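Trainee: Add 395 to a position in the sequence shown, counting from 1, and you land on the number used in the numbering used here.
C-beta atoms are modelled at their ideal positions from N, C-alpha and C, and glycine is treated no differently.
All values reported here derive from a predicted model rather than from experimental measurement.
Right, I'll just put the structure down here and ask away after.
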Amino acid sequence: CPLSSGPKYDPDADFHYDYQTLRIGGLAFAGFLVILSVILLTGKYPDFCPKLLEKPLF
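Spelled out as structure tokens, the structure:
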């Protein structure tokens, strides 16, 4: 129950989402993650972790 009877002020009234830029940015980020995942999954074990190569898997 507001005490003021004046018009309501909405500070975000002039703000509009730019969905096209948001979509392009999201797709670029998702593409980057997919490419990075494929590179990491198809690559060999990293050289900075030689203990992984010494231990048997089972």
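Taking the alpha-carbon positions, what's the valine 433 to phenylalanine 427 distance?
Mentor: Going by the C-alpha atoms only, they are around 10 Å apart.
Trainee: How far does the alpha helix (DSSP H) with glycine 420 in it reach, from first residue to last?
Mentor: Its alpha helix (DSSP H) spans residues 414-437.
Trainee: Report the rounded CA-to-CA distance for aspartate 409 versus glycine 421, giving the unit in angstroms.
Mentor: Approximately 24 Å between the Cα atoms of the pair.
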